[in-house]
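Report on the structure given below.
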Amino acid sequence: MLGIIFTLLMLVLLQAVLGFDNLLYISLESKKAPLRDQKRVRKVGILIAIGLRIVLLFVLVSLIGYFQEPFSFLTGEIDGIAHFAFNGHSLIVLAGGAFIIYTAIKEIWHMISTHDLSHDVEGNDKAKGKKSSNAVIVSIVLMNLVFSFDSILAAIGLTSEIENSNTAFVVMAIAIVISGLLMLFLADRISVFLAKNRMYEVLGLFILFIVGIMLVTEGGHLAHLELFGNPIEAMSKTTFYFVLTILVITDVVQGRYQKKIIAQEAREELSNKKENKL
Numbered sequence: 003m004l005g006i007i008f009t010l011l012m013l014v015l016l017q018a019v020l021g022f023d024n025l026l027y028i029s030l031e032s033k034k035a036p037l038r039d040q041k042r043v044r045k046v047g048i049l050i051a052i053g054l055r056i057v058l059l060f061v062l063v064s065l066i067g068y069f070q071e072p073f074s075f076l077t078g079e080i081d082g083i084a085h086f087a088f089n090g091h092s093l094i095v096l097a098g099g100a101f102i103i104y105t106a107i108k109e110i111w112h113m114i115s116t117h118d119l120s121h122d123v124e125g126n127d128k129a130k131g132k133k134s135s136n137a138v139i140v141s142i143v144l145m146n147l148v149f150s151f152d153s154i155l156a157a158i159g160l161t162s163e164i165e166n167s168n169t170a171f172v173v174m175a176i177a178i179v180i181s182g183l184l185m186l187f188l189a190d191r192i193s194v195f196l197a198k199n200r201m202y203e204v205l206g207l208f209i210l211f212i213v214g215i216m217l218v219t220e221g222g223h224l225a226h227l228e229l230f231g232n233p234i235e236a237m238s239k240t241t242f243y244f245v246l247t248i249l250v251i252t253d254v255v256q257g258r259y260q261k262k263i264i265a266q267e268a269r270e271e272l273s274n275k276k277e278n279k280l
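Next comes the structure, spelled out in structure tokens:
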């Protein structure tokens with residue numbers, strides 16, 4: 003019994019660590035919904051995703067071999083250029099990573115091209131980039147499933163020592179529900195923080211971009227993809243968190259340095275005005 007409780011705690015911790023990028027995506031994606039619906043969109047999207055995660059868990063436990071077995075019609079090579087053996091897992095991860103990269107680039111471009119930032123902040127429902135609440139919920143649910151794919155496979159590995167398969171399934175389901183409720187608790191707070199500190203949106207989008215790259219490299223690795231004789235290696239979580247730390251430190255230092263420059267320019271301008279009066 004003690005071993006099962008320990009495994010449950012490990013699973014919740016695993017889901018929480020691996021769920022950070024998912025939480026960031028939810029916070030940024032929910033901003034595309036009308037302002038009045040954003041909180042509801044996050045709650046509904048996460049609650050539906052929790053249910054579908056349990057369904058996905060059941061499917062993976064029952065049909066895990068089909069997701070890992072390469073498709074014969076997607077296995078082959080292009081002389082001197084590429085070698086590949088795509089399976090269900092790799093295709094899901096590749097599609098999710100490509101979509102996240104597209105989303106991050108689109109939002110960064112929108113941020114650069116927006117002329118009236120104050121109008122964009124107000125959350126005008128007709129503003130460029132706004133989507134219907136249902137469309138945002140669908141995006142959140144689909145990407146939640148993509149993000150949860152690897153965490154569920156890792157959870158299956160952690161519970162492999164539990165002899166009773168039904169007990170293992172219940173433990174994993176409980177961990178999914180707990181981590182989902184934790185995500186529900188944090189989503190609004192992260193969204194509020196980003197709304198009050200809009201300069202961190204750029205950091206969030208670039209983190210999301212790196213998440214997309216991580217998923218694409220992982221998908222390529224799962225597909226045994228080789229380009230010009232060089233195998234695609236998956237970006238490790240350690241590398242991801244190292245890059246994330248560097249990005250955060252750079253953003254903090256850049257922000258403080260910029261404030262010092264602005265303060266210095268203000269002092270110089272004030273000093274010049276006093277000299278002109280004299």
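Whatever position you read off the sequence shown (first residue = 1), add 2 for my numbering.
Think of the CB as a built atom: it goes at the ideal place given N, C-alpha and C, for glycine as much as any other residue.
Got a sec, what are the start and stop residues for the beta strand (DSSP E) residue i sits in?
| i | result |
| --- | --- |
| Gly78 | Thr77 to Ile80 |
| Phe86 | Ala84 to Ala87 |
Give the single residue among the options whose Cα lies nearest to the Cα of residue i.
| i | options | result |
| --- | --- | --- |
| Ser238 | Ile215, Ile251, Arg258 and Ile56 | Ile215 |
| Tyr104 | Phe211, Asn278, Tyr243 and Thr247 | Phe211 |
| Ile80 | Leu188, Gly231 and Phe101 | Gly231 |
| Glu71 | Ile251, Leu249, Leu224 and Phe195 | Leu224 |
| Leu65 | Leu188, Leu155, Val194 and Phe244 | Leu155 |
| Leu54 | Glu31, Val179, Met185 and Thr169 | Val179 |
| Leu10 | Ser181, Met113, Gly21 and Ile110 | Ser181 |
| Gly47 | Trp111, Val140, Ala170 and Ile114 | Val140 |
| Leu205 | Thr240, Gln256 and Ile7 | Gln256 |
| Ile251 | Glu270, Ile209 and Ile263 | Ile209 |
| Tyr202 | Tyr259, Leu30, Ala265 and Leu183 | Leu30 |
| Ser92 | Ala236, Ala137 and Ala189 | Ala236 |
Would you call the CB atoms of residue i and residue j closer than 7 angstroms?
| i | j | result |
| --- | --- | --- |
| Ile52 | Ile142 | no |
| Ala35 | His226 | no |
| Val95 | Gly221 | yes |
| Leu217 | Gly90 | no |
| Leu25 | Ala177 | no |
| Asp23 | Ser135 | no |
| Val213 | Ile102 | yes |
| Met185 | Ala157 | no |
| Ala106 | Leu196 | no |
| Thr247 | Ile234 | no |
| His85 | Glu228 | yes |
Looking at the secondary structure, which residues open and close the alpha helix (DSSP H) in which residue i lies?
| i | result |
| --- | --- |
| Glu267 | Lys239 to Lys279 |
| Ser29 | Phe22 to Glu31 |
| Gly98 | Gly90 to Ser115 |
| Phe208 | Tyr202 to Leu224 |
Report yes or no: is there a C-beta of chain C within less than 7 angstroms of the C-beta of residue i?
| i | result |
| --- | --- |
| Ala265 | Of the chains in the structure shown, none is chain C; there is only one protein chain. |
TODO: Determine, using beta-carbon pairs with one atom in the region 144-151 and one in the region 55-69, whether at least three such pairs fall under 8 angstroms.
DONE: yes
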